[in-house]
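Participant: Residue numbers (this note's numbering), protein chains in the order written: chain A, 7 to 138; chain B, 222 to 502.
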Amino acid sequence: MALPKEYDDLPGTVVFDADQARKGYHLNMCLMSLMKAENRAAFKKDERAYLDHWPMTEPQKQSVLTRDWNGMLQLGGNIYFTAKLAATDGLSFQQIAAMMTGKTQADYAEMMLKGGRPPEGNRSKSEWKTRG
Amino acid sequence: MARIVAGVATSHIPAIGAAWDNKKTAEPYWQPVFRGFERSKEWITKVKPDVCIVVYNDHMSAFSLEIVPTFAIGCAAEFPIADEGWGPRAVPPVKGHPELASHLVQSLVLDEFDITIVNKMEVDHGLTVPLTLMFGQPDAWPCPVIPLAVNVVVYPVPTGNRCYMLGKAIRKALASYDKDLRVVIFGTGGMSHQLQGPRAGLINKEFDTRFLDNLTKDPQANVRIPHLEYLRETGSEGIEMVMWLIMRGALDDEVKEVYRFYHVPASNTALGHIILENTQA
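(1) Does chain A have any CB closer than 8 Å to the CB of Q415/B?
(2) Between W426/B and chain A, is there a C-beta pair that is closer than 8 Å?
(3) According to DSSP, what are the bridge partners of F407/B?
(4) On the three-state DSSP scale, how would you describe Y376/B?
(5) Taking all protein chains shown into account, do 16 or more other C-beta atoms lie within 10 angstroms of the C-beta of D304/B, making it buried, or fewer, making it exposed?
(6) How would you call E194/B, buried or exposed, if buried means at least 16 neighbouring beta carbons within 10 angstroms?
(7) Should P486/B and L97/A be called a contact, given that it needs their Cβ atoms to be closer than 8 Å?
(8) Let me know the secondary structure DSSP gives G108/A once reduced to three states.
(9) Should D429/B be listed as close to the ligand SAH, given that the test is whether its C-beta is under 7 Å from any heavy atom?
(10) Determine, using beta-carbon pairs with one atom in the segment 373-388 of chain B and one in the segment 413-423 of chain B, whether at least three such pairs fall under 8 Å.
(11) What is the rounded straight-line gap between the Cα of N278/B and the Cα of I234/B?
(12) Flag P17/A as yes if its beta-carbon sits less than 8 Å from any beta-carbon of chain B, otherwise no.
(13) What's the call for E259/B, buried or exposed, on a 16-neighbour Cβ count within 10 Å?
(14) For the segment 53-64 of chain A against the segment 15-34 of chain A, are there 3 or more C-beta pairs whose distance is under 8 Å?
(15) Check for me: the beta strand (DSSP E) holding R420/B runs from which residue to which?
(16) According to DSSP, simplified to helix, strand and coil, what is V254/B?
(17) Expressed to the nearest angstrom, what Euclidean distance is found between the alpha-carbon atoms of H59/A and L40/A?
(18) Where does A223/B fall in DSSP's three states?
(19) Going by C-alpha to C-alpha distance, which of T490/B, M462/B, H484/B sits closest to P440/B?
(20) Quick check on this structure: which residue in P125/A, D74/A, K11/A has the alpha carbon closest to the alpha carbon of I3/A?
(21) Using DSSP with H/G/I as helix, E/B as strand and the rest coil, what is V444/B?
(22) Which residues, in order along the segment 488-499 of chain B, keep a beta-carbon less than 9 Å from a beta-carbon of chain A?
(23) When the Cα of L433/B is compared with those of F356/B, L492/B, E320/B, A298/B, which residue comes out closest?
(24) Report the partner residues of P65/A according to the DSSP bridge assignment.
(25) Out of L348/B, T409/B, V350/B, point me to the one whose CA is closest to I195/B's CA.
(26) Would you please state the rounded distance, in angstroms, between the beta carbons of Q26/A and G82/A? I believe it to be under 8 Å.
(27) When you compare each of E458/B, C273/B, R224/B, G306/B to D46/A by their alpha carbons, which one comes out closest?
(28) Distance check for V444/B and I302/B, CA to CA, integer angstroms please.
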């Protein structure tokens with residue numbers, strides 16, 4: 007029996023641990039291949055064909071094709087690998103962060119300028135539930 | 222003997238590297254960030270270290286999920302700059318100090334820290350952004366750099382206490398080196414930030430301020446912070462602050478804070494920076 011994970015209570019957060027790393031191994035390694043210019047070019051030319059070279063699950067491939075940034079994380083992706091896909095798309099960390107929070111880029115940037123998301127009300131899943 | 226004269230901690234936010242490389246340092250958004258390091262640049266020019274040990278984390282640029290070393294020391298003569306998806310940063314390659322790096326590995330492993338030896342490695346923004354902030358844009362970095370990569374990406378990551386003890390072991394290792402060298406150790410990453418998921422953008426100024434204060438006032442209070450507290454209070458990427466504790470552990474018990482800078486936001490992150498000097502000459 008696996009040890010219980012104390013961090014499962016964090017709202018809106020996937021902690022990338024050894025279990026997630028195993029689940030997302032091929033997804034992440036595929037995204038990592040985008041560090042090479044020639045691979046970025048091949049990916050842009052035919053994304054589906056590029057993804058089909060990797061033994062990933064269909065939902066993982068769909069999450070990449072639809073740029074479901076949160077979905078990729080749920081399926082074992084890690085932010086530093088998905089960031090390489092973002093860079094391939096010409097997007098910054100802040101742009102994908104905005105998308106993951108469901109805010110517009112302008113609203114997210116404004117929240118950061120005002121000091122960011124406060125820890126109050128964002129420490130536990132129970133706090134997000136009561137907020138609705 | 223080699224000895225540590227000072228410790229520098231700084232965030233290593235990639236957007237800062239991009240702002241520098243794209244000549245945006247005078248833009249209103251970035252200007253305060255770079256102004257915050259002007260005094261630090263003057264300081265390090267005066268300190269003139271012979272070697273810098275830079276504690277940082279690789280962001281899945283050199284390492285991958287194939288092998289995830291907890292602590293890895295770069296023993297190569299040169300470390301090329303990684304292409305993180307935008308093309309490599311146009312900064313000088315990083316020259317190592319293979320002789321001192323091998324000595325560190327030798328001493329640390331016998332001291333029961335099981336260090337991974339790395340003889341070929343590209344370095345990413347985690348290492349190059351702190352160099353840019355402290356040294357600007359020279360044709361070559363002014364001194365050799367020993368990269369010390371820490372896994373803070375795949376849980377379980379090392380505890381704050383383990384990091385602090387590693388710092389102490391580094392200090393001991395330097396003392397047995399046969400050449401006189403003045404070393405500055407960098408702890409990089411942090412402070413509070415979360416890059417991922419619906420909770421992205423979390424910032425905790427109160428936590429960060431206390432962490433900065435306790436580097437001089439009560440380092441043990443920082444050392445005792447458990448992983449869950451970092452995750453809950455400082456966002457999923459705030460855990461990078463354990464790397465600052467390696468830097469802190471390598472210094473004297475008593476240190477003097479000579480400079481501090483804190484700024485929100487730099488992209489998604491609370492930028493924290495501090496310079497600590499050893500008080501015993």
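Glycine included, each C-beta is placed from N, C-alpha and C at the ideal position.
Facilitator: So, to answer that:
(1) Taking the first residue of the second sequence as position 1, residue 415/B is located at position 194. Chain A contact via Cβ: present.
(2) Taking the first residue of the second sequence as position 1, residue 426/B is located at position 205. The sequence shown places Lys at residue 426/B, not Trp. Yes, because at least one Cβ of chain A sits closer than 8 Å to the Cβ of K426/B.
(3) On the second sequence, residue 407/B is found 186 positions in, with the first residue counted as 1. V229/B, V275/B.
(4) Taking the first residue of the second sequence as position 1, residue 376/B is located at position 155. Residue state, collapsed to three classes: strand.
(5) As a first step, residue 304/B is located in the second sequence; it is residue number 83 there, counting from the start. So D304/B counts as buried.
(6) Past the edges of chain B, shown from 222 to 502, lies residue 194/B, and the structure says nothing about it.
(7) Working through the second sequence from its first residue, we reach residue 486/B at position 265. Working through the first sequence from its first residue, we reach residue 97/A at position 91. Not closer than 8 Å, so no.
(8) Numbered from 1 along the first sequence, position 102 holds the residue referred to as residue 108/A. Three-state DSSP puts G108/A in coil, outside helix and strand.
(9) No copy of the ligand SAH appears in this structure; indeed no ligand is present at all.
(10) no
(11) Translated into positions along the second sequence, residue 278/B becomes position 57. Translated into positions along the second sequence, residue 234/B becomes position 13. Going from the Cα of N278/B to the Cα of I234/B covers about 12 Å.
(12) If you number the first sequence from 1, residue 17/A lands on position 11. Closer than 8 Å to some Cβ of chain B, the Cβ of P17/A qualifies, so yes.
(13) Along the second sequence, one-based indexing puts residue 259/B at 38. With fewer than 16 Cβ atoms within 10 Å of its Cβ, E259/B is classed as exposed.
(14) yes
(15) Taking the first residue of the second sequence as 1, we reach residue 420/B at position 199. Note, R420/B: premise wrong, no beta strand (DSSP E); not H, not E.
(16) Here residue 254/B is taken as the residue at index 33 of the second sequence, counted from 1. It is helical.
(17) Here residue 59/A is taken as the residue at index 53 of the first sequence, counted from 1. Here residue 40/A is taken as the residue at index 34 of the first sequence, counted from 1. So the alpha carbons of these two residues sit roughly 13 Å apart.
(18) As a position in the second sequence, residue 223/B is number 2, starting the count at 1. It is a strand residue.
(19) Along the second sequence, read from residue 1 onward, the residue named residue 440/B stands at position 219. Cα-wise, what sits closest to P440/B is M462/B.
(20) Summary: the structure shown does not reach residue 3/A, with chain A confined to residues 7 through 138, and so no result is reported for it.
(21) Counting from 1 along the second sequence, the entry for residue 444/B is found at position 223. DSSP places V444/B in helix when its eight states are reduced to three.
(22) S488, N489, T490, A491
(23) Along the second sequence, one-based indexing puts residue 433/B at 212. Measuring from the Cα of L433/B, the nearest candidate turns out to be L492/B.
(24) Along the first sequence, read from residue 1 onward, the residue named residue 65/A stands at position 59. Beta-bridge pairing links P65/A to no other residue.
(25) Because chain B here runs from 222 to 502, residue 195/B falls outside it and cannot be looked at.
(26) Position 20 of the first sequence, counting from 1, holds the residue named residue 26/A. Position 76 of the first sequence, counting from 1, holds the residue named residue 82/A. 5 Å between Cβ atoms; contact.
(27) Here residue 46/A refers to the residue found at position 40 of the first sequence. The question names Asp, but residue 46/A is Arg in the sequence shown. Of E458/B, C273/B, R224/B, G306/B, the residue nearest in Cα terms is G306/B.
(28) Position 81 of the second sequence, counting from 1, holds the residue named residue 302/B. Position 223 of the second sequence, counting from 1, holds the residue named residue 444/B. If you take the alpha carbons of I302/B and V444/B, they lie about 32 Å apart.
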